[in-house]
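A.B. asks: Structure provided below as structure tokens; questions to follow.
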Amino acid sequence: MSEIRYCRLAASKIQEISHCNTENDVLVEQLIRTSKAKHTKAMDRRHRLEKFVLKSLEAKLLVSVKNCGLVLDLSFPVFGAFLDAIGADFVVEVKCPILIKTELKYVKDGKINNRYLAQIQLQMFMCKMEKGYFCMTKHDFENTKNMEIILVEYNAGLPWVCSLKLGRMSDFQQGEQPEQEKRKRMSCGLEVDCPGDIRQCLHQASIDGFHFVVTHTVHPRFTRDLCNKKGPRLISRTDRLLSSTDWNRLIVGKITADVDVDSEVWHYASRSKAVLNQELGFAGHLGLPAVMIKLNRGKNPVLASILYNKLCAGATQVWVNLPMVHPSRYSSICLDEEVEDMWEWWNDLRTYCFYDKRLGLALDLPELKYLPSLKEIERWIGEPIKVLVIHTSLFIVNQHQQFVLAKAHQDIIQKFMNLDVQYVIRGPSQCGNSYNKYWAYINFLGKKLFLSDATTDYIQGCEDYLQNPLQPLTENLESMIYEVFEKDQIKYIEYQKAIQMALNDLPNSIEVPVVMVVGAGRGPLVQAALNASYMLQKKIKLYAVEKNPYAINTLEDRVLNEWNGQVILVKEDMRYYKPEEQADILVSELLGSFGDNELSPECLDGAQRFLKKKGISIPSSYTSFLAPLQSTKIYNEIRNNRPHDKTIENVYETPYIVHLVNYYQIAPSQEIYKFTHPNWNETIDNDRFGKLRFTSSQNCLLTGFIGYFETVLYKNIMLSINPQTYSEGMVSWFPIVFSLMEPVYVKEGEVIELCFWRMHSEDKVWYQWCLEAPVRTSIVNPNGRSSFIKIH
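Numbering-wise, the sequence shown is residues 1 to 792 according to UniProt numbering.
So this is what it looks like as structure tokens:
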């Protein structure tokens with residue numbers, strides 16, 4: 001192996017070579033590798049400790065690693081990287097310095113020296129991986145077992161990495177595809193008022209990069225007096241100019257701007273009504289995917305009636321075009337009571353249309369002097385935004401003579417990115433007849449503003465998707481669900497810390513602590529307990545209790561092949577299991593999105609009989625929280641989720657697990673109730689009742705409540721999906737949504753008062769809730785008639 005390594009540029013020397021900061025003869029030696037590396041005591045120590053370091057890494061991060069060696073890449077035969085270990089998606093570099101001053105040579109103030117940073121970067125490059133772990137033992141490691149583990153992200157911006165990437169372009173030209181970069185696809189359309197040749201217009205827009213065109217379906221030259229009984233038969237250009245596929249995919253219709261069916265001038269309103277009906281009808285005839293209409297006033301009952309009639313008859317989507325902020329907000333001559341709120345305009349119209357999901361918003365990006373407040377933007381994010389309209393006058397020219405948007409505008413666009421909105425460029429081009437630079441910049445923002453982290457791929461596709469809560473007591477979980485749980489490393493790292501701390505806190509008189517994992521599933525908590533035992537070098541007696549026969553199959557295999565018989569497997573329901581001995585530590589992961597909604601209290605109350613009186617429960621407590629919600633998207637999803645054998649009442653009385661994106665949280669969450677374990681009260685009552693009061697900071701639409709939870713695993717170690725204390729990077733739980741039967745309009749400063757119950761009978765547990773203010777509603781889900789959690 002070492003012979004193959006000669007005459008290659010080693011990863012350990014890449015920083016030195018790329019900066020040419022050694023004497024010539026030494027540099028040549030590094031390049032040619034004419035001599036073997038000298039054997040030192042430090043190398044002996046590193047080889048001796050490496051196995052223990054890698055084992056500790058696996059235990060701390062809940063990952064699996066294997067020894068590696070020389071890694072080569074045919075695309076770069078001159079390079080070689082000798083890896084200490086490798087994981088599924090990361091590389092590992094181990095350093096074992098003997099002296100303190102050598103430690104500082106590797107890592108100082110938490111930062112890796114550039115030489116060794118370059119080393120692990122080349123290792124990642126050669127292995128085509130995005131991250132690596134730099135593990136350094138302390139000089140006194142044999143006594144203290146102290147080591148530092150630093151996560152290193154691949155940085156393609158380093159000068160020598162850029163050079164390597166450029167070197168691969170020839171490979172791409174020969175058919176190899178570059179790795180897909182993480183970005184947001186930006187669907188962008190061009191608004192063209194009156195194209196002389198719609199076919200040519202569509203062709204040019206496509207060349208400039210746009211995905212669709214927004215234009216009038218009826219050209220102004222076709223003037224129409226539709227109040228005349230002998231109105232013209234020719235209303236527009238022939239539909240044969242484009243194929244049905246093009247009309248259906250590439251053209252969004254724009255309703256004539258001066259249409260005002262709610263005008264107080266009867267003749268004008270009558271004419272407008274005829275024109276609107278004709279244009280909507282023609283859009284339906286062409287099969288357009290959407291039509292855009294501009295609101296000209298705050299109150300639009302007649303317009304709402306026409307639109308809702310069309311929607312109920314099966315019409316296409318309607319995009320209501322509005323500015324984000326009404327100009328009166330910043331007018332010096334408008335009194336406070338004369339200031340208009342554009343959200344009120346929208347809310348009035350969509351309420352008439354019963355929040356129809358085909359009625360969406362096309363919001364104009366405002367001028368810098370009319371920017372909305374943060375809370376107004378958050379409220380808009382809770383609305384069905386389909387399009388952001390960006391006028392060309394908002395673009396400015398930067399120092400590189402490129403069209404860009406101001407930072408404030410970029411921030412607004414970034415906030416709407418998760419909604420998968422589309423973009424429309426409006427107005428005359430500032431660079432001749434071409435609009436390509438506008439599209440190119442919007443496309444660039446898809447990369448620049450897209451926020452991606454370790455959880456992005458995991459949660460993709462779950463956005464605003466309704467999931468029914470699990471029923472783990474009566475239904476066996478599937479392998480796929482277990483696999484999803486096990487991917488959440490954050491959760492199991494915290495559990496391992498809690499178990500380790502609890503083991504450490506046990507009195508010395510307990511020589512071999514008994515640890516019981518109840519509801520063991522496929523064994524992630526069992527592994528966490530074994531890791532904690534290994535880290536402390538403390539022997540434990542470990543039980544795994546599981547009732548699912550199919551998960552037992554996996555556990556049997558792990559006991560035999562991974563855990564070397566260190567685990568005692570119990571194939572029983574924890575509520576009925578009669579142990580031979582009591583546990584010092586009881587570990588479970590029975591929590592749902594609301595904390596108790598998978599019956600953790602009932603399960604642990606039954607299981608605590610085999611916990612010693614001074615034993616430790618992990619988790620030790622969990623608290624449920626609620627917050628008022630505005631989301632017509634979720635409200636409509638629930639309405640459209642009705643099975644044939646259920647009533648509309650049933651679906652609104654059912655809580656759903658949802659990864660919320662298109663929503664607005666009206667006020668901060670508040671605690672509703674809490675459970676603590678172990679619970680040694682003589683009489684255990686798990687029913688709960690709570691009343692919460694929230695204050696709205698602006699006018700909004702209350703559609704339901706969001707449920708979160710926090711859990712204290714042990715002492716100061718906790719997990720949370722509550723936004724105020726969220727465990728960063730954790731994806732095991734999405735919030736739970738409790739809907740109202742009908743949305744409730746709430747004014748700024750009004751109090752939202754909620755009553756909430758957790759109740760039970762012999763065979764089920766259920767939630768029920770109602771509003772006390774700003775209006776009183778009937779109780780939702782009384783006696784668990786629509787939704788409940790089975791006990792048996």
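Cβ coordinates follow ideal geometry from the N, Cα and C atoms, glycine included.
1. Any idea which residues DSSP pairs Phe738 with across the strands?
2. Does the Cβ of Asp596 have 16 or more other Cβ atoms within 10 Å, making it buried, or fewer, making it exposed?
3. For Phe594, which residues in the same chain have their Cβ closer than 7 angstroms to its Cβ, ignoring the five residues on either side in sequence?
4. Which one or two residues does DSSP pair with Asn722 in a beta bridge?
5. What number of angstroms, rounded off, separates the C-alpha of Gly784 from the C-alpha of Ser720?
6. Given Ser588, which residues of its chain have a CB within under 6 angstroms of its CB, disregarding the five upstream and five downstream residues?
7. Buried or exposed: Ala529, going by 16 or more other Cβ atoms within 10 Å of its Cβ?
8. From Glu383 to Lys633, what distance separates their C-alpha atoms?
9. Measuring straight from C-alpha to C-alpha, what distance separates Val214 and Val252?
10. Once you ignore the five residues that flank Leu611 on each side, which residues in its own chain have a CB closer than 7 angstroms to its CB?
11. Whose CA, out of Met43, Ile293, Phe738 and Val397, lies closest to the CA of Thr316?
12. Would DSSP call Cys188 helix, strand or coil?
13. Can you give me the Cβ contacts of Gly284 inside the same chain, cut-off strictly under 7 angstroms, excluding the 5 residues immediately before and after it?
14. In the DSSP assignment, find the unbroken beta strand (DSSP E) run with Val587 in it and report its ends.
15. In this structure, does DSSP put Lys196 in helix, strand or coil?
16. Could you check where the beta strand (DSSP E) with Phe79 kicks off and where it finishes?
17. Confirm, please, whether the CB-CB distance from Ala667 to Phe705 is below 8 angstroms.
18. For the beta strand (DSSP E) that Ile390 lies in, which residues bound it at each end?
19. Here's the rule: buried if 16 or more other CB atoms are within 10 angstroms of the residue's CB, otherwise exposed. What is Val712?
20. If you check the beta carbons only, do Arg240 and Leu311 fall under 8 angstroms apart?
21. I need the DSSP call for Phe788, collapsed to helix, strand or coil.
22. Which runs of the alpha helix (DSSP H) fall wholly inside the segment 323–387 and span at least 4 residues, in chain order?
23. When DSSP labels each residue in this structure, what does Thr474 get in the three-state scheme?
24. Can we say the segment 363–380 touches the segment 321–329, given the rule of at least three CB pairs closer than 8 angstroms?
25. Go through its chain and collect everything with a Cβ distance to Gly287's Cβ below 7 angstroms, but skip five positions before and after it.
26. Given Ala269, which residues of its chain have a CB within under 8 angstroms of its CB, disregarding the five upstream and five downstream residues?
27. From residue 804 to Pro743, what does the alpha carbon distance come to, in whole angstroms?
28. So Thr217 and Phe282 are supposed to be a Cβ contact under 8 angstroms. How far apart are they, rounded?
29. What are the start and end residues of each continuous beta strand (DSSP E) run of 3 or more residues lying completely inside the segment 250–326, in chain order?
30. Do you know how far the Cα of Arg271 is from the Cα of Leu250?
31. Comparing C-alpha positions only, which one of Trp766, Gly690 and Val570 sits nearest to Glu653?
32. On a Cα-Cα basis, can you pick out the residue from Phe79, Gly132, Val53 and Arg115 that is closest to Val92?
33. Assign Arg642 to one of three DSSP states: helix, strand, or coil.
34. Unbroken beta strand (DSSP E) runs of length 3 or more, entirely within the segment 590–656: which are they?
35. Contact between the segment 57–71 and the segment 79–87 is defined here as three or more beta-carbon pairs at a separation below 8 angstroms; is this criterion met?
36. Nearest by alpha-carbon distance to Glu50: which of Ala81, Cys96 and Leu61 is it?
C.D. replies: Answer, in terms of the structure:
1. As DSSP reads the structure, Phe738 sits in a beta bridge with Phe705.
2. It is buried - the Cβ of Asp596 has at least 16 other Cβ atoms within 10 Å.
3. The answer, listed in chain order, is Ser624, Gly707, Phe709 and Ile736.
4. Answer is none; Asn722 lacks a bridge partner.
5. Gly784 and Ser720 have their C-alpha atoms spaced approximately 27 angstroms apart.
6. Excluding sequence neighbours, Ser588 sits near Val518 and Gly519.
7. Buried, since its Cβ has 16 or more Cβ neighbours within 10 Å.
8. Straight-line Cα distance between these residues: approximately 7 angstroms.
9. When only Cα atoms are considered, Val214 and Val252 end up about 5 angstroms apart.
10. Within the same chain, Leu611 has close Cβ partners Gln582, Ala583, Leu586, Ser617 and Pro678.
11. Of all alpha-carbon atoms in Met43, Ile293, Phe738 and Val397, the one lying nearest the alpha-carbon of Thr316 is that of Ile293.
12. For Cys188, the three-state secondary structure derived from DSSP is strand.
13. Non-local beta-carbon contacts of Gly284 in its own chain, meaning distances under 7 angstroms to residues more than five positions away in sequence, involve Ala315 and Thr316 in chain order.
14. Its beta strand (DSSP E) spans residues Ala583 to Ser588.
15. The sequence shown places Gly at residue 196, rather than the Lys named in the question. It is coil, neither helix nor strand.
16. Where Phe79 is concerned, the enclosing beta strand (DSSP E) starts and stops at Phe79 to Phe82.
17. Going by C-beta atoms, Phe705 is not nearer than 8 angstroms to Ala667.
18. DSSP places Ile390 inside the beta strand (DSSP E), whose first and last residues are Ile385 to His391.
19. Residue burial is scored here from C-beta neighbours: Val712 has at least 16 other C-beta atoms within 10 angstroms and is therefore classed as buried.
20. No, these two residues do not count as a Cβ contact at 8 angstroms.
21. In the structure shown, Phe788 adopts coil according to DSSP, grouped into three states.
22. Scanning the segment 323–387 for uninterrupted alpha helix (DSSP H) segments of 4 residues or longer gives 342–352 and 374–381, listed from N- to C-terminal end.
23. Thr474 falls in the coil class under three-state DSSP.
24. With contact defined as three or more Cβ pairs closer than 8 angstroms, the segment 363–380 and the segment 321–329 are in contact.
25. If we look at Gly287 and ignore the five residues flanking it on each side, its Cβ neighbours are Ser244, Trp247 and Asn248.
26. If we look at Ala269 and ignore the five residues flanking it on each side, its Cβ neighbours are Asp260, Val261, Asp262, Ser263 and Val302.
27. The first residue shown for the chain is 1 and the last is 792, placing residue 804 beyond what the model contains.
28. Yes, they are in contact, since the Cβ atoms of Thr217 and Phe282 sit about 5 angstroms apart, within 8 angstroms.
29. The DSSP assignment places complete beta strand (DSSP E) segments of no fewer than 3 residues inside the segment 250–326 at 251–254, 290–294 and 317–323, in order along the chain.
30. Between the alpha carbons of Leu250 and Arg271 lies a distance of about 29 angstroms.
31. Ranked by how close their Cα comes to the Cα of Glu653, the residues Trp766, Gly690 and Val570 have Trp766 in first place.
32. It is Gly132 whose Cα lies nearest to the Cα of Val92.
33. Here Arg642 sits in coil by DSSP.
34. Along the segment 590–656, the beta strand (DSSP E) occurs as fully enclosed runs of 3 or more residues at 611–618 and 621–630, listed in sequence order.
35. Taking 8 angstroms as the limit for Cβ pairs, the verdict is that the segment 79–87 does touch the segment 57–71.
36. Among Ala81, Cys96 and Leu61, the Cα nearest to that of Glu50 is on Cys96.
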